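Here the protein sequences come in this chain order: A and B. Quick note on numbering: the first sequence equals residues 1 to 598 in my numbering. Quick note on numbering: the second sequence equals residues 1001 to 1564 in my numbering. Ideal Cβ positions, reconstructed from N, Cα and C, are used throughout, including at glycine. This one's a predicted model, so the numbers in the text were calculated from it and none came from an experiment. The structure appears below as structure tokens.
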Amino acid sequence: MGTRRIWLPLICCFLVSLSSARAEDDAVMRAMRDELDRSMKQMRPENLDKPYFIAYRVIDATNSAIAATLGSLISEQQSHTRQLTVEVRVGDYSLDNSNFLSFSAFGRAGVVHGLGNTVRLPLEDDYKEIRRQIWLATDAAYKKALEDLARKRAALENKTRGEDLPDFSKEKPVISHENPVLMDLDPKRGEALVRQLSAVFRGVPEISRSSVEIQASNEYTRYLNSEGTEYTRATPLLGLTARAGTQASDGMPLSDAITVYERTMAALLNEQLEAQIRDMSKRLVELRSAPLVERYNGPVLFEGQASVEIFAEAFAPRLVATRRPTTDNPQFEMIFSRTVSPFQDRLGSRVLPEWASVTDDPTATEHNGSSLLGGYLVDDDGVRARKTVVVENGVLKTLLLARHPVPGMPQSTGNERGFGVAPTNLFFTVQNGLNGTAIRDKLLTLVTQRGKPYGIVVRRMRNWLAADPQEMMQSAIGAFMPGLGGGGNGPARTAVLAYEVFPDGHEQLIRNGQLEGLNETSFKDLVVGSVSQTVCNKLFLDIGNVVTGMLSGGAMVGQGTPPVVSFTVPDLVFDDVSVKPPSGDIPKPLLSKPPHGT
Amino acid sequence: MVERSILSYVIVSSMLFGVRLALAQNAAPSPPLQAMKAELVRSMDAFKSQPTPPYFISYEITDDETISVNGSFGKITASEENHRRQLDINLRVGDYRLDNTHAIRGAVPDLSGMMNQFSMIAMPIEDDPLAIRNLIWYNTDQKYRTALQQLTKVKTNVRVQAAPEDKSDDFSREPAQKYVEAVAVMQADRHAWEEKIRKYTAPFAAYGNIYEANAEFLADVETRWYVNSDGSEIQVSKPYYRIFISAFTKAEDGMELPRYESYFGVRPEDLPDDDTVLKAVDSMINDLKALRVAPIVEPYTGPAILSGRASAVFFHEVFGHRVEGHRQKNEGEGQTFKKKVGQPILPASFSVYSDPTALEVAGTDLVGSYTFDNEGVRAERVTVVDQGILKSFLMSRSPIEGFPHSNGHGRKQQGFPVVARQSNLIVEVQNPVPRADLKRMLIDEVKRQNKPFGLYFEEIEGGFTLTGRTIPNAFNVLPIMVYRVYADGKEELVRGVDLIGTPLTTFSKLINADDHVAVFNGLCGAESGLVPVSASSPAVLVSQIEVQKKEKSQEKAPFLPAPF
Chain A
1 MGTRRIWLPL
11 ICCFLVSLSS
21 ARAEDDAVMR
31 AMRDELDRSM
41 KQMRPENLDK
51 PYFIAYRVID
61 ATNSAIAATL
71 GSLISEQQSH
81 TRQLTVEVRV
91 GDYSLDNSNF
101 LSFSAFGRAG
111 VVHGLGNTVR
121 LPLEDDYKEI
131 RRQIWLATDA
141 AYKKALEDLA
151 RKRAALENKT
161 RGEDLPDFSK
171 EKPVISHENP
181 VLMDLDPKRG
191 EALVRQLSAV
201 FRGVPEISRS
211 SVEIQASNEY
221 TRYLNSEGTE
231 YTRATPLLGL
241 TARAGTQASD
251 GMPLSDAITV
261 YERTMAALLN
271 EQLEAQIRDM
281 SKRLVELRSA
291 PLVERYNGPV
301 LFEGQASVEI
311 FAEAFAPRLV
321 ATRRPTTDNP
331 QFEMIFSRTV
341 SPFQDRLGSR
351 VLPEWASVTD
361 DPTATEHNGS
371 SLLGGYLVDD
381 DGVRARKTVV
391 VENGVLKTLL
401 LARHPVPGMP
411 QSTGNERGFG
421 VAPTNLFFTV
431 QNGLNGTAIR
441 DKLLTLVTQR
451 GKPYGIVVRR
461 MRNWLAADPQ
471 EMMQSAIGAF
481 MPGLGGGGNG
491 PARTAVLAYE
501 VFPDGHEQLI
511 RNGQLEGLNE
521 TSFKDLVVGS
531 VSQTVCNKLF
541 LDIGNVVTGM
551 LSGGAMVGQG
561 TPPVVSFTVP
571 DLVFDDVSVK
581 PPSGDIPKPL
591 LSKPPHGT
Chain B
1001 MVERSILSYV
1011 IVSSMLFGVR
1021 LALAQNAAPS
1031 PPLQAMKAEL
1041 VRSMDAFKSQ
1051 PTPPYFISYE
1061 ITDDETISVN
1071 GSFGKITASE
1081 ENHRRQLDIN
1091 LRVGDYRLDN
1101 THAIRGAVPD
1111 LSGMMNQFSM
1121 IAMPIEDDPL
1131 AIRNLIWYNT
1141 DQKYRTALQQ
1151 LTKVKTNVRV
1161 QAAPEDKSDD
1171 FSREPAQKYV
1181 EAVAVMQADR
1191 HAWEEKIRKY
1201 TAPFAAYGNI
1211 YEANAEFLAD
1221 VETRWYVNSD
1231 GSEIQVSKPY
1241 YRIFISAFTK
1251 AEDGMELPRY
1261 ESYFGVRPED
1271 LPDDDTVLKA
1281 VDSMINDLKA
1291 LRVAPIVEPY
1301 TGPAILSGRA
1311 SAVFFHEVFG
1321 HRVEGHRQKN
1331 EGEGQTFKKK
1341 VGQPILPASF
1351 SVYSDPTALE
1361 VAGTDLVGSY
1371 TFDNEGVRAE
1381 RVTVVDQGIL
1391 KSFLMSRSPI
1401 EGFPHSNGHG
1411 RKQQGFPVVA
1421 RQSNLIVEVQ
1431 NPVPRADLKR
1441 MLIDEVKRQN
1451 KPFGLYFEEI
1461 EGGFTLTGRT
1471 IPNAFNVLPI
1481 MVYRVYADGK
1491 EELVRGVDLI
1501 GTPLTTFSKL
1511 INADDHVAVF
1521 NGLCGAESGL
1531 VPVSASSPAV
1541 LVSQIEVQKK
1551 EKSQEKAPFL
1561 PAPF
């Protein structure tokens, strides 16, 4: 509700760089190049490992976030930052300072403070000053790398290294340049838009909390490493989130959110935002008086957004490989063992039905008229983007990874995305899918076969990344720490819009359905998928992966929002899903009346 | 530094007084205050029919309009304008004697209980009554239900635990207040300040061994609207403007050596001109150069002079935090002074006041000034120590034995629960001696105690103190510029020490003070968040202090020389 998100959305500045002829030759890039050369050539103190790899990344970010409730602005923030992250590796590709966590790494004081070797650079293109900052950050990162490598060697002396995996993969140098893009959000226009959209709820006293927020982030990244890779990359992004919440007559919370991402304002305005928000408002009001879901075990059809959501939450995060770091602390080891995808040991096994495949394609930009926003030319490490077939005819071929190899996967797939490894544009495709109403008929056939009075169709799922920050925190804790709230199966999966479907074809809206027992293994037994597909752009955040990503990449993370992933997913029928009412404490209904009309 | 700025300030602050009076005449209540009032009436009415209705509700909306500019080595690193409003609700069920805020004793604090104490409710930054009232309504309903749960827990806890030592009520009755002052206007030009911040940080760029040099300009116009069910309606608004400059270098052994400089004023004109700041920057650079090669002091006990600013921080940490009222009630606290009211705790020449109504001391604007606290109680000047005798504590609306009423010191940061906090701590000493005499007295003391030298603490960055029972009840003041003073009067800059001690012993060692009063303006963090406070004091002579080695970074200076 109007409160800020946990992360600050990002956007970027390049007023100055626009004026220079070519971005790749500007003062920032020159300072990076000169200091990189000097460091590689001269940083060789006696009796100490010298760096074998150095990378600099400078992200110019211009961000803007404007939020309103009931037609009134609640916050407006603009920021403009330029951040440098430095990656220094000592040792060699097979064994270096990365993929390691030492307890003593916490509370280190040094010239460069803050997490992940990140420092703020001046916003002005001043060659000298930028070099000074790069010099100091490199020195601090180098010292940290030396100490980490020493500690890591010591930790390894006490154990046998299970697999002899290199710490860092060798990749082909790439040179890729893009020009910066102008920020596409005029604050006045943004203000007017969120006022107009949030005012929809003024006439709906049943909705007790609501907000509409627009976030524009415009990033321009400059990257250089000692292997000869260099790139510049522009990533403009506009996002709109509308949230609304109410309570059913018995007090059970009902909430929903709409999120829309686009590259330009024109595309965003094309999305019939007001109509979408009115629909959401109407749905929530209807839900208040809908009957509470009853316990149900049986086949469930997921349609549209609900199908994307279940795929994105329960299956997609498992397609990401995580390197388990070495640590000198047994408790950390326990935590990290939980973050590894169960798919990591299952290359060559069947993880989906034979009629299903999954492909990650950062080079795609559009699908049946919907824009796909997950793509790029090079990933954050400067690895060339390419299409990866992850699951082919049901069989797991590879996982998505960055430059830290995992067993059986020695090379990067070009999926390093700021918050760790993430998919880009993920396509779930089916052979012999069903058309139109045939999929619903299939559900009803299953229902009849099992002697059930009705089946369940889920048309909307709650997107926990669009929830308000407190809810999101709880979900995130649940996702990372089984038993702490999520019950071990990740965040509680809530169906916002679910219907009982009866054999005679009629539907009954039900509320507060919680889905249980849905995880990556459920996908293996999918009954059928549709020909039609739904495209959704969605933030991707897998907490465990973020943590390990910070360690494996020499801590090159920490900027901005989680990445946007585009999902293209058919409607899906699962064979056996448990749907039940929420358990635990149910809040009481509101005791007082809203101020509308007083 | 401090002495230099005195003259320029006196005139400004007296003018300021006139301005405030003039503004107050045109004041009108802003729309948020009206909306809060309307919603308060509705809330009290809405729950009337409940079995346990609230006996008290207050709403406070804090509006912060800020401009901040950050720079480093002559370049801008950030430049932003922000506007936000936040709502705080204090809703009480039960009665003045025992209510839902009563401390639960003898139980492990539960996480949700602790989380319930904090709230971050963002409010519209526009004045639309429906949007404001809708958020107040929704959050009041939530708070009410939480309060009912709390009260049930409190009542059970009271029945099963031994009676507390302090049987005071949970909440004091205070008169309703009506006060409206005009909403202050932001008077800072961000782009002009970008130029200044560049100028102030540029001189550091000439030195390759100054590793960080930052300056920040911050302008904040804070307006607070407060209403409560006693009938109080308050609108206060005040701007403040701040410059903060920091830089650090490293000694050969890796020790990080910082220098800070800060300026505060209630109008942009109260800040010093460029020449003054640039002179200060010069002396920061010279100090950093000197500190790099200064010898390290070994742990030492002996006589010392604390400069006015050092003494001010010392009193804030050692004394100020221990006279905060709620600490006398909480049985986890050390309660150093609880039973000492009416007894001497300082030399008879020392008096200490906590005075939120004071606007300036020795020509410096005080950051801890306010007219009403966060519980709608009018700010009062409190005589804490009168000629050495402890007289009173700093009180919020949480009474303690012998002190049934608030004296306007219930303070907090937005989102935190109120506790008793300091405002402007003022140390006054009768019959001060001239500065030169104080130094002479130090040298006499060095000789008498047969010490090789005494110490002079000139500049500090801040301090902290521990007041609990389960941890050593100690304080720590973090000095930056410290000199050894030898028997022959020679002074030598040293580095690497923290001033430590326990409160009662240290007070018994105070000997005298000089006639140079100086002010330390800062932010103080405690249970109720960060609040702006000041402390002022003359320089004091202490017959015995103790210093310990500073925690030191083990990181060497950079391997490669600066690129230029």
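| Item | Value |
| --- | --- |
| For B/K1549, which three-state DSSP category applies? | strand |
| When you compare only the Cα positions, how much space is there between B/A1562 and B/V1185? | 44 Å |
| Pick helix, strand or coil for A/G487, following the three-state DSSP scheme. | Because the pLDDT of A/G487 is 36, which lies under 50, any placement of that residue in the model is unreliable, and the number read from its coordinates should be weighed accordingly. Here A/G487 sits in coil by DSSP. |
| If you count every other CB in all the chains shown that lies within 10 Å of the CB of B/H1191, and 16 or more means buried, which is it? | exposed |
| Run through the segment 297-363 of chain A for me and flag every whole beta strand (DSSP E) of 3 or more residues, listed as ranges in chain order. | 356-360 |
| Using a Cβ cut-off of 8 Å (strictly closer), state whether B/H1083 contacts chain A. | yes |
| With a CB to CB cut of under 7 Å and the five nearest residues on each side skipped, what residues in its chain are close to B/E1080? | S1068 |
| What distance in whole Å lies between the Cβ atoms of A/T69 and A/S210, which are believed to be in contact at a cut-off of 8 Å? | 6 Å |
| Mapping the DSSP letters down to three states, classify B/A1078 as helix, strand or coil. | strand |
| Could you list which residues in chain B have their beta carbon closer than 9 Å to that of A/I74, in chain order? | R1084, R1085, A1122, M1123, P1124, I1125, E1126, A1131 and L1135 |
| Output the distance between the C-alpha atoms of B/P1051 and B/I1400, rounded to the nearest integer angstrom. | 29 Å |
| Within 10 angstroms of its Cβ, does A/Q83 collect 16 or more other Cβ (buried), or is it exposed? | buried |
| Express the C-alpha separation of B/A1103 and B/R1133 in angstroms, rounding to a whole number. | 31 Å |
| Going by the C-beta, is B/E1527 closer than 7 Å to any heavy atom of the ligand HEM? | No copy of the ligand HEM appears in this structure; indeed no ligand is present at all. |
| Tell me whether A/P325 is buried or exposed, calling it buried when 16 or more other Cβ atoms sit within 10 Å of its Cβ. | buried |
| Helix, strand or coil for A/N63, going by three-state DSSP, please let me know. | strand |
| Please identify the residue among A/I277, A/V86, A/F315 and A/R131 whose C-alpha is closest to the C-alpha of A/A34. | What sits at residue 34 of chain A in the sequence shown is Asp, not Ala. The shortest Cα separation from A/D34 among A/I277, A/V86, A/F315 and A/R131 belongs to A/R131. |
| Measure from the alpha carbon of A/L193 to the alpha carbon of each residue in A/L73, A/M252, A/S176 and A/L224, then state which is nearest. | A/L73 |
| For A/D571 versus A/S307, is the C-beta distance shorter than 8 Å? | yes |
| CB A/D504 to CB A/P299, shorter than 8 Å? | no |
| So, is the C-beta of A/D379 closer than 8 Å to a C-beta in chain B? | no |
| Give, in chain order, every residue of the segment 204-218 of chain A whose Cβ lies closer than 7 Å to some Cβ of chain B. | S208 and R209 |
| To be precise: take each residue of the segment 55-81 of chain A, compare its Cβ to all Cβ atoms of chain B, and keep it if any distance is under 9 Å. Which residues remain? | A67, A68, T69, L70, G71, S72, L73, I74, S75, E76, Q77, Q78, S79, H80 and T81 |
| Can you tell me the Cα-Cα spacing of B/D1141 and B/R1085, whole angstroms? | 20 Å |
| If you follow the beta strand (DSSP E) that A/R222 is part of, which residue opens it and which one closes it? | R209 to N225 |
| Can you tell me whether DSSP reads A/A234 as helix, strand or coil? | strand |
| From B/L1394 to B/V1318, what distance separates their C-alpha atoms? | 15 Å |
| Are any of the Cβ atoms in chain B nearer than 8 Å to that of A/H596? | yes |
| Can you list, in chain order, the residues of its chain with a C-beta nearer than 7 Å to that of B/E1551? Leave out the 5 residues immediately preceding and following it. | none |
| What's the C-alpha gap between A/I59 and A/T429? | 35 Å |
| Please list the residues of the segment 34-53 of chain A that have a C-beta atom closer than 8 Å to any C-beta atom in chain B, keeping them in chain order. | D34, E35, R38, S39, Q42, M43 and P45 |
| Quick one: list the residues of chain B neighbouring A/K593, beta-carbon separation under 9 Å, in chain order. | R1042, A1046 and W1137 |
| Output yes if chain A places a C-beta closer than 8 Å to the C-beta of B/R1145; else output no. | yes |
| Given B/Y1300, which residues of its chain have a CB within under 6 Å of its CB, disregarding the five upstream and five downstream residues? | V1547 |
| Under a CB-based cut-off of 8 Å, is A/R243 close to chain E? | The chain labelled as chain E is not found among the protein chains of the depicted structure, namely A and B. |
| Nearest chain B C-beta to A/R132 closer than 8 Å, yes or no? | yes |
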